Amino acid sequence: MPLAQLISPQQLAERQVRPGLVILDCRFALEDPDYGQRSYAEGHIEGAHFADLERDLSGPVTRGVTGRHPLPAPTALVERLQAWGISADSEIVLYDDGPGMYAARAWWLLAWLGKRDGVFLLDGGLKAWHAAGLPLSLNPPPSVRGNFSGSADPSLLISAEQLQQRLGQPSMTLLDARALPRFRGEVEPIDPVAGHIPGAQCAAFNENLGADGRFLPADQLKQRFATQLGERPVQELVAYCGSGVTACHNLFALSLAGYPLATLYPGSWSEWITDPQRAIATGD
C-alpha cells in the first residue's frame, strides 16, 4: 500500500459507517490560532475529532531555541492518538480547509511514529466536501480509546547542526516550501529575519495543487520534483519551510509521486534564524 493516499469526499462519505475509521479535523490559521477549534464547533464531518496544530501536533516553543512549531514529544502524541480512538489497524482520514498543509503535518507525524498504512488525506479538504454537497455535523465524535503504540523514527529527521554540516554538499537537494517572495527575502510576514537557507530551492507547497485545490496527478508531481532533484538522489533530499508544517505537504506530494519518504528539517526557517552564526541567503 502506498504511503501517501488520497480519498475523495464521495469515497469518505461511503466509508463513514465503516468500523475502525478515525477522522481528524486539522483546521488551523496562523493568524488566528483559535480558528480551527471555533470552526470545528460550528460544524465538522460526522465523527471527526479535532486535532489542533499547536496543542496536539506540536510541542512547546522555547523562545530563541526552537522554531514556531517544534515536534511534539512522541509519548504525548501517542497518548493523543489513542484518545482519538486510533489503533494500529485503524483507517485514518485527515482534512483541513482544503490545501492540506495541516492535514499533511498530521500525516507526517503518523508516519514518523510508524503508522504508514491506511492513512488518507481528504483531497481538496472541507472545500471539496462542501462542493460535493455533503453535510456537516455538530455531534461529538465517538469516545472510544485506541491502542496505538508507536515510536519515533529518527532517520526521518535532520537537526540544524547536521544540516549546517551538509550545506554545500553537491548531493543534497534542499527544498523550501514557502512562497517565492518569502524565499527570496522580499517579504517576511511571520519571522523576524527574511531569506532562506543557503543552497535551497524554492518549492512552494501550493504548486502541488491544481486550480481546483486538489493534488496534481502523480505524473505531474513526479515531473515537478524530478526537475528539482536533477541527478541527485532523493535519499539526500531535505524539506523545510517556515516552521516544519508546509514542508510536510511537499513530503506528502513526493510520496504521491512515488518517491520514498525524504528527510524533514522540523525546526525549519524559524529555528534556523535563532542562531545568528547560521548563514542566510536572499534572492534566487
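Its first residue numbered 1, the sequence shown is counted upward by one per residue in UniProt numbering. Note that CB positions come from ideal geometry on N, CA and C, so glycine has one too. In this text, all values refer to a predicted model and were calculated from it rather than measured experimentally.
Sequence-distant residues of the same chain with beta carbon closer than 6 Å to residue i, five excluded per side
i	result
G195	G185, I280, A281, T282
C248	A104, R105, W108
R178	C241, G242
F120	Q5, I7, V93
T246	M101, A177, F205
V187	P181
G114	G150
Residue i and residue j closer than 7 Å at C-beta
i	j	result
G47	P141	yes
Y40	D25	yes
S58	H69	yes
N206	F215	no
L229	A257	no
I158	W272	no
W269	G242	yes
L134	P2	no
G43	L126	no
G199	L167	yes
G67	D52	no
Y102	F183	no
Nonlocal neighbours in the same chain, by C-beta distance under 7 Å from residue i, ignoring five residues either side
i	result
V234	Y259, P260, A262
S149	V78
Q16	E46, G47
P33	E54
W112	A152, D153, L156
V65	T274
A73	G59
Supposed close pair residue i, residue j - CB separation, criterion 8 Å
i	j	result
L94	L122	7 Å
L237	A204	With 8 Å as the limit, L237 and A204 do not qualify as a contact, their Cβ atoms being about 16 Å apart.
P266	L71	5 Å
Own chain partners of residue i with C-beta closer than 8 Å, once the 5 adjacent residues on each side are dropped
i	result
G210	L216
R232	P170, S171, M172, T173
G20	S87, D89, S90, E91
A76	G59
R18	E91
Identity of the residues DSSP links to residue i by a beta bridge
i	result
F148	DSSP lists no partner for F148.
V119	I92
D176	C202, Y240
Q223	Answer by DSSP bridge pairing: none, since Q223 is not bridged.
A48	I23
A281	H196
S137	H44
I7	L122
CA nearest to the CA of residue i, picked from the options
i	options	result
G146	L180, A111, W84	W84
H130	F120, D117, D97, A4	D97
D275	A160, L229, A73, G199	A160
E31	Q165, L251, F225, I190	I190
Q277	L251, Q165, P135	Q165
A239	A29, L163, H49, D212	L163
S143	R18, H49, L254, G267	H49
G213	D284, R182, G124, G267	G124
L175	A132, V193, R224	R224
L116	L264, A76, S255	Correcting the residue type first, residue 116 is Arg in the shown sequence and not Leu. Here the closest residue by C-alpha is S255.
E14	P192, A132, P72, V193	A132
A128	P99, A76, G118	P99
A218	V65, Q201, T227, A253	A253
G118	D284, A73, L12	L12
D284	C202, G114, T227, P74	C202
R38	R18, V61, L138, V22	L138
L110	V22, R63, V187	V22
Residue i CB to nearest heavy atom of the ligand SAH below 6 Å
i	result
T75	Of the ligands one can find in the structure shown there are none, so the ligand SAH has no counterpart to examine.
Any C-beta of chain D under 7 Å from that of residue i
i	result
R184	The chain labelled as chain D is not found in the depicted structure, where only one protein chain is given.
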